[in-house]
Every structure is written in C-alpha cells, then in structure tokens.
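So the sequence lines, in the order shown, correspond to chains A and B.
Following the numbering used here, the numbering of the first sequence begins with 21 at its first residue and continues without gaps.
Following the numbering used here, the numbering of the second sequence begins with 21 at its first residue and continues without gaps.
Ideal placement from N, C-alpha and C gives every residue a C-beta, glycine not left out.
Okay, so here's the structure we're looking at.
There are 2 protein chains.
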Amino acid sequence: MEKKDRIKGEFLRLKKQSGTHSPSIKTLLEEIPELDIKIDACFLSNPYATDLFLNYLEKDFPTYSDLRDCLEFYPPQNSDIAKIIGNTIDVSMENIFVGNGAIEIISAVLSNYCGKKIMLPIPTFSSYYEFIKEDQEIVFHELSELNNYELDVENLKEDLLNKKADSLILINPNNPNGDYLNREKVIDLLEFCKNLDCVILDESFVHFAYESDDLDLMNYYDLINTYNNLVIIKSMSKDFGIAGVRAGYGIMSKERVENLTKSSYLWNISGLASYFFDLYSQKKFREEYDVVRKKYIMNTLMFRSELSGIKGIKIYPSKANFFLIKVENDLDGNFGLNMLINHGVYVRNCSDKVGLEGSGYYRVASRTFEENINIIKAIKIELS
Amino acid sequence: MEKKDRIKGEFLRLKKQSGTHSPSIKTLLEEIPELDIKIDACFLSNPYATDLFLNYLEKDFPTYSDLRDCLEFYPPQNSDIAKIIGNTIDVSMENIFVGNGAIEIISAVLSNYCGKKIMLPIPTFSSYYEFIKEDQEIVFHELSELNNYELDVENLKEDLLNKKADSLILINPNNPNGDYLNREKVIDLLEFCKNLDCVILDESFVHFAYESDDLDLMNYYDLINTYNNLVIIKSMSKDFGIAGVRAGYGIMSKERVENLTKSSYLWNISGLASYFFDLYSQKKFREEYDVVRKKYIMNTLMFRSELSGIKGIKIYPSKANFFLIKVENDLDGNFGLNMLINHGVYVRNCSDKVGLEGSGYYRVASRTFEENINIIKAIKIELS
C-alpha cells in the first residue's frame, strides 16, 4: 500500500508538470522505474500502420548508411513537399501548407487567420484553447452530457450568433469523445459560417470514421473550393502511427498558404517526414495502408462491443479510435491510477479537460487486437 | 555544346524556383537526370560528424524495430529536451528554447523580440532578411570589399547609431565569407548594444572557429547572464552534419523562452532529434565528436592552403568550413555552371546575395579529404 501511495504521488507530480497533456510513457518510465507499463491506452494511433511504415523503411533503406541522405541533407522545401501531397490527394499544391506535425499548423492558423473571438466546442483537445494570442479569446460551446456530448448543429449555429464569434474550430471526430459529424452536417455548418474569418476543420481522426458499411475513407478536401475561409488540418500521427516523425498538412486558400510560407516555414519538416510523404504518394503504399486502416477499425468496433458489456461504465458514441467512458463511483479518481499500477494499462484521465465536469471520465484508446483483450480484462477485474 | 546549354537553361529555371536558396541536390538530380553530381560543395556540414551519428544510431538501434519508439510515439515536450541540453552545456534549462532546426528559432525571435529596425551586416544568409514581419525593416550594414568583407566593430557601432537600429543580427562566423569576430570584440559590441531590443548571435558555424592553436571550441553561452537582450542561436545541422534531422536551440532570457513555449512549440522536434539530444548529453559522444571536429578543421585548413595556390581566384579570410572566392574574368557567371557540368562539383554562386555586387563570387564548402582534393583538381582544370 505504501508503494502504491508513493507511485500515486509521483504520478500526480508528473501530471502537474505536463500541464494539460498527460506525462509521456517515456517520462513515466524514467521517473517512476518501478511502474510496469504494458499498454499505452492513452495513445491514439493505429499500431498496424506503424508496422507498415517500419516495413517500408526497412525495404527502402536496408541499413542506416542507406538512410544517410535523409539525415545529412536539408529536406526539400515546404512547397516541394506540398507538390507531392497535392498530386496524391488531388488538391492543388498551392492550397497545401506542410507542417511539422498538425500542431504547428494549428498554431499558425490560430494566430494568423482566426479573429478575436473563436468558438470551440468543448470538451476537446487542449491545444486549441492554449495556443491563442493575447488579443484573442476562446468562447466555449459546451456540449451537453444530457446529449452524450454530441454536437447539435442548430445549437451551435445559435451559439455562434449569440456570442458573436468570428471563427470556429471543429474537430471531427472530436477528441476525447469521438463524436462524428457527417458530411451533410459539416456542409450545412460551413454554409452557415460562410462569413466568418476562419473555420478550422481538424480531421486528425477522420481516417477512423466512416459513413457506410464498406468503411471507406471520408474526404472533405473538395470543400476548400467552395468555402474560402475553411482550413482543413490533417495530422499523420494518428492514422499512420508516426507521431515521432512529426508530419501533417493543412489545406487552405492559396493566399493563406502563400502568406505562411513567405514569412517562415521553409524547411519545417525532417528528412524522414519527407520520406513519409514520398511513400504517401505511392499507390501501392496507400492500398496497403487502407487494409490496415480497415483492420484497425474492425478491431476498434470489437473493442467497443466488449467495453459495452462491462457493468459500471458508460460509453459515449464514437467514430474515432478511442472511447470516452464514465466510470461509476469514481469520485476519488482512482480508477485510472489503479489501472496503471495494478495492470500496467495507461488510460487518459479526462478530469483536466474543460467541459468534462465531475470525476470518472476516462479516454481509452483502441490498440492492437491482443492489447484490447488485455485492456478489457483489466477493466473487468478493476471494476469487479 | 547543345547539351550544356540545355542543362544550363534547366539549372537557371530551378534556381529561379528556389528563390534565394540554391536548388537542392535532390531537386537537381530529379529534374536534370543527365547531371552527374559527384560533390556537393554547396553543403556546409561536417561529413565526419554524420558518420559518427550514423555509427551511434546503428549501435543504439541495431534494427528499425528498435527504432520504433522514436517513430511511433510523440517526442518529449520542448522543456524536457531543454533540460537535457541545459545539463549538457551548463546553462539553465529555463534559458533554452529548442527548435526544429535553427531556422524556426530565427523566425520566432525575429518576429517576437526584434524591434522595427533590425541591422544586418551583409552579405549574409538570406533568411535573415526574408523572415521579418510586414511592420519590420531590415537596415543593411554593408561590409566592404576593400576590407575583405571583414566586420569592423567601430564602423558597425557608428552605423547602428546613424540608422537608429533597435536590433542587431550577428552571424559569427558569417556566411558566406566566414569572417570571425573574436570573443573580445563580441563582448565589446554587446556592451555597446546593451539598450537594443534584441541582439541575435547566430553561432551556426562557431564549431569550426577557434582562437588558439589547440582548436578548442569557442563558447559564448555565459554572456546570456550579462546581456539580457542577447539571443544565441545554435544549429546542429552544420557541426553535427544532420540537417535532415532538424535540430537546434536558442539561448535567451527566461522570460523570452517562457513566452515562446507557452504560446506554441510544444512538440516541435522529432523523435530522432530527441535521440540526437540524448547523444549530445553523453560525454563519450561529445569527446568522439570533438576528435572529428578537429580533424575536419585540419582538413579545411589544408583545403584553404591548396585553394590559395590556384591562380585566377581570390580567397577571403574565413574561420568557417567554407571559403568565399572571387573568380577573375567570370563576367558571364559560367564558372559555377562549368564546375557542375564538366566536373560534377556543385559550388554556390553568390550572385544572388545582397551585398555581393558584381559576378564571380562563389562559396566553396570544405568536404571530406578526398572530396577536397577533387574540388581543387576541378577548379585548377576549369581555370587553366
């Protein structure tokens, strides 16, 4: 019991240091060596896609000497990479801004193109309310527990008018609950927002969403031509499982891309990220990726089904690769710590998320088939 | 002759596309496949340091599977890396801002901490006059051909007063000529600039400079404690030969670091860059690095000695790993193109550098021992 208390204290200290993000596995392992973490269920990426990337890396660069050019030389300039991405996703390169991870694009767009009053549905990813400038203000659109934290387009429209917001951020599917707005509703909303300064549509998790049984990939890129204020943000971290490579892109008006690239962001991605985009442009890679994407979605659907069979938790609707759950009788917030200490399963305690009042909220990521089985087992034991 | 003209035309088209930077080797090889480039003497890094990094990479991660964590997971946050660097260079982590390459830091510091009128000695690295905001102005301090483009501290002081500059950028050693201001002169200048908004001291090439015969590393970090407006910028691209990894850091006041990290730059370096900084913190690695640093400097000194024996060129004083040369009778600017087409040696034509009037200026990088011999041979043939 003493050991547990010590670990608990250490964890809470590290959490405090990490601000509104969770301490990374690396930090936990370094600072609390007695922790035996087996599964990182905070981590929101497709592990099968990481396997695929590693396979290609090994095939294309059998030894590190073969990788030399990637490491030694300057990567191509931003616009050269934009050209490759543009050809791949059938969007003009002039509409593409390449980022060192999506977070760089979020930050650049927030401070350059959003107005003074930015509406943000909450709960959501904290960087969106942290990375604004001093003269900007985030106005929250609170999603309601009563409505399972699902976004209601009409409510949002009304709130935009009432609060006189000039910009809107939409994460679709949303993080941490995975609520998904279908294409029809997104268009309805964009039409309503035509006169705003900026609408950010963050598609970091859209590869795990679908609107039909064939699980085909959703795509909103074409909307950029109709809505000049729209900025679509794509992270490669989650869908392709390569957060450490730091790669993403934004799709926005030609003028906005031009303005960002002229003032900075010349060599903002690494040689390895440049290699990733080369892969991304290969039809064969994308086809193989789509197989592991669907495999992972199927996996996640099974995970959901197992989760919903567990007594004592509520699961919110999600079309992302994670589930927001509410654990009953978790007033002391111990469920997450017990999962970590007793079972080595790291789940995300959401009690620090603005808009998630009360304790007992956790975000559980879907991982590999085998890991998901073990997460389910651990939750069952913990709640029994 | 027809082939040459075609290649020439293609090269000039690509150069135009690349703005004030040279087209990369990768772009040249892709767009002009008939070019047979053997040596990239535009490229300013220590190739022996790249070897060292690759050796460590192979030892620490024998296979790509071992590298998985680096690629799959989010890298540690900016402040975690700052802590590692701080311990290594004996500077408080609170004074360190980690950057995705030095260029990210340059851009952030220019737009956040430099005032409206920034003095920049020219000729120099073009990003310094490209990455300013619309309400900022760069005022040039022209270095004189008559003085071999060497910086005269008293002249600079006078110019700062006359032009009422509020910030100063100092690249030491300077690029493209390699002129080096010793520690005493730098302190003299910082003292004079005490009341400016910001003084940027870019040390990208300082690992190749020295003030005594033992070639020991110069270090200006301590000056940060005396001069609160000083920002020291360190790239890892040149000294450690890893431009593709994108890693650098800035040393500046605690307030400035805090302000930059709070508004953005959370996960701005990759897993591989994080690994590099882990290496950087190891005494053994740094000792081995210092051996290849000195080996490379010796190499560069021999290169200089050979260059100065060639008739028809003038070499300017340099303590960097490259030499600015002036080729006599090169009014048509063909020397560089001929080096590329006839010998496969890519040298940097400096005719697009503000402050280098007239044609015939080229920057030639020192590469490996063997490559330097071949560069010398090619120049001799070309000028004979």
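Looking only at C-alpha atoms, which of Tyr381(B), Ile138(B), Tyr295(B) and Asn341(B) sits nearest to Asp86(B)? Locating residue 86(B) in the second sequence gives position 66, where the first residue counts as 1. For Asp86(B), the nearest C-alpha among the options comes from Tyr295(B).
Straight-line CA distance for Ser338(A) to Tyr200(A)? As a first step, residue 338(A) is located in the first sequence; it is residue number 318 there, counting from the start. As a first step, residue 200(A) is located in the first sequence; it is residue number 180 there, counting from the start. Distance between the alpha carbons of Ser338(A) and Tyr200(A) is about 7 Å.
Rounded Cβ spacing between Asn66(A) and Tyr240(A) (contact assumed at less than 8 Å): By one-based count along the first sequence, residue 66(A) stands at place 46. By one-based count along the first sequence, residue 240(A) stands at place 220. No, Asn66(A) and Tyr240(A) are not in contact; Cβ-Cβ is about 20 Å, not under 8 Å.
Using the beta-carbon of each residue, which ones in chain A are nearer than 8 Å to Pro141(B)? In the second sequence, residue 141(B) corresponds to position 121, counting from 1. Going along chain A, no residue has its Cβ under 8 Å from Pro141(B), so there is no contact; the nearest lies around 21 Å.
Alpha carbon to alpha carbon, what distance is there between Leu360(B) and Asp352(B)? In the second sequence, the residue the question calls residue 352(B) occupies position 332. In the second sequence, the residue the question calls residue 360(B) occupies position 340. Asp352(B) and Leu360(B): Cα-Cα distance of roughly 15 Å.
Look up Asp172(B) in the DSSP assignment and say whether it is helix, strand or coil. Position 152 of the second sequence, counted from the first residue, corresponds to residue 172(B). Coil at Asp172(B), not helix or strand.
In the DSSP output, what is Met139(B) paired with across the bridge? Numbered from its first residue, the second sequence carries residue 139(B) at position 119. Note: Met139(B) sits in a beta bridge opposite Val159(B) and Leu188(B).
For Thr108(B) and chain A, any beta-carbon pair shorter than 8 Å? The residue labelled residue 108(B) in the question sits at position 88 within the second sequence. Closer than 8 Å: no.
State yes or no: is the beta carbon of Tyr84(B) nearer than 8 Å to at least one beta carbon in chain E? Structure shown: chain E not included; protein chains present are A and B.
Looking only at its chain, what residues have a beta carbon closer than 6 Å to the beta carbon of Thr320(B), apart from the 5 residues adjacent to it on each side? Counted from its first residue, the second sequence places residue 320(B) at position 300. So the qualifying residues of the chain are Asn341 and Ser386.
Against chain B, does Ile317(A) count as a neighbour if the rule is that its beta carbon must be under 8 Å from one of theirs? On the first sequence, residue 317(A) is found 297 positions in, with the first residue counted as 1. Closer than 8 Å: no.
Whose C-alpha, out of Arg313(A), Trp287(A) and Tyr230(A), is nearest the C-alpha of Phe260(A)? For this step, residue 260(A) is matched to residue 240 along the first sequence. Comparing Cα positions, the closest option is Arg313(A).
For Gly121(B) versus Tyr269(B), is the C-beta distance shorter than 8 Å? In the second sequence, counting from the first residue as 1, residue 121(B) sits at position 101. In the second sequence, counting from the first residue as 1, residue 269(B) sits at position 249. Cβ distance not < 8 Å, so Gly121(B) and Tyr269(B) don't count as in contact.
Chain B contacts from the region 79-103 of chain A (Cβ-Cβ distance under 9 Å): Phe81, Thr83, Tyr84, Ser85, Leu87, Arg88, Asp89, Cys90, Leu91, Glu92, Phe93, Tyr94, Pro95, Pro96, Gln97, Ser99 and Asp100
List the DSSP bridge partners of Asp60(A). As a first step, residue 60(A) must be located in the first sequence, where it is residue number 40. Tyr366(A).
Looking only at its chain, what residues have a beta carbon closer than 7 Å to the beta carbon of Lys24(B), apart from the 5 residues adjacent to it on each side? As a working note, residue 24(B) is residue 4 in the second sequence. Answer for Lys24(B): Ile361, listed in chain order.
Counting only beta-carbon separations shorter than 8 Å, does Asn288(A) have a partner in chain B? Mapped onto the first sequence, residue 288(A) falls at position 268. Chain B, which has a Cβ nearer than 8 Å to the Cβ of Asn288(A), makes this yes.
Between Arg306(A), Glu390(A), Pro141(A) and Thr108(A), which lies nearest to Ile158(A) when the distance is taken from Cα to Cα? Residue mapping note: residue 158(A) aligns to position 138 of the first sequence, counting from 1. Among Arg306(A), Glu390(A), Pro141(A) and Thr108(A), the Cα nearest to that of Ile158(A) is on Pro141(A).
Three-way DSSP call (helix, strand, coil) for Tyr84(A) in this model: Residue mapping note: residue 84(A) aligns to position 64 of the first sequence, counting from 1. If DSSP states are grouped into helix, strand and coil, Tyr84(A) belongs with coil.
Exposure of Gly264(A), with buried meaning 16 or more beta-carbon neighbours within 10 Å: Against the first sequence, residue 264(A) aligns to sequence position 244. The residue is buried, with at least 16 neighbouring Cβ atoms inside 10 Å.
Determine the extent of the alpha helix (DSSP H) in which Ala398(A) is found, giving its start and end residues. For the purposes of this step, residue 398(A) is identified with residue 378 of the first sequence, where counting begins at 1. That run of the alpha helix (DSSP H) goes Phe389 to Leu403.
With DSSP as the reference, identify every bridge partner of Lys334(A), one or two as the case may be. Residue numbering aside, residue 334(A) sits at position 314 when the first sequence is read from its first letter. Beta-bridge pairing links Lys334(A) to Lys346(A).
Return the first residue and the last residue of the beta strand (DSSP E) that Ile52(B) is part of. Position 32 of the second sequence holds residue 52(B). Where Ile52(B) is concerned, there is no enclosing beta strand (DSSP E), given that its DSSP letter is neither H nor E.
What runs of the beta strand (DSSP E), each 3 residues or longer, lie entirely inside the region 181-248 of chain A? 187-191 and 218-222
Give the residues of chain A in contact with Lys46(B), contact being defined as C-beta atoms less than 8 Å apart. Counting from one through the second sequence, the residue named residue 46(B) turns up at place 26. Residues of chain A passing the Cβ test: Asp89, Phe93 and Pro96.
Give, in chain order, every residue of the region 245-267 of chain B whose Cβ lies closer than 7 Å to some Cβ of chain A. Gly261, Ile262, Ala263, Gly264, Val265 and Arg266
Can you pull the chain A neighbours of Ile123(B), defined as C-beta to C-beta under 7 Å? One-based indexing of the second sequence puts residue 123(B) at position 103. Chain A residues near Ile123(B): Leu286 and Trp287.
Please classify Glu223(A) as buried or exposed, where buried requires at least 16 neighbouring CB atoms within 10 angstroms. Taking the first sequence and counting its residues from 1, the one referred to as residue 223(A) is at position 203. Burial call: buried.
Decide yes or no for the touch test of the region 206-222 of chain A against the region 124-137 of chain A: beta carbon pairs closer than 8 Å, at least 3 of them. yes
Can you tell which of Leu327(A), Val347(A), Tyr285(A) and Ile253(A) has its C-alpha closest to the C-alpha of Ile393(A)? Along the first sequence, one-based indexing puts residue 393(A) at 373. Minimum Cα distance to Ile393(A) is reached at Leu327(A).
Can you give me the Cβ contacts of Asp372(A) inside the same chain, cut-off strictly under 7 Å, excluding the 5 residues immediately before and after it? The count along the first sequence starts at 1 and reaches residue 372(A) at position 352. Contacts found: Thr40.
Gly329(A), DSSP secondary structure in three states: Here residue 329(A) is taken as the residue at index 309 of the first sequence, counted from 1. Note: Gly329(A) maps to coil in three-state DSSP.
State the beta-bridge partners of Ile253(A) as determined by DSSP. What you label residue 253(A) is simply residue 233 of the first sequence in a count that begins at 1. Bridge partners of Ile253(A): Asp222(A) and Gly270(A).
One question on the structure: do Ile335(A) and Arg324(A) come within less than 8 Å of each other, judged by their Cβ atoms? In the first sequence, the residue the question calls residue 335(A) occupies position 315. In the first sequence, the residue the question calls residue 324(A) occupies position 304. In this structure, Arg324(A) lies closer than 8 Å to Ile335(A) by Cβ.
Say whether chain B places a C-beta atom closer than 8 Å to the C-beta of Gly291(A). Here residue 291(A) corresponds to residue number 271 of the first sequence, with the count starting at 1. True, the Cβ-Cβ gap to chain B drops below 8 Å.
Compare the C-beta of Phe225(B) against all C-beta atoms of chain A and say whether one is closer than 8 Å. Locating residue 225(B) in the second sequence gives position 205, where the first residue counts as 1. It does not; no Cβ of chain A falls within 8 Å.
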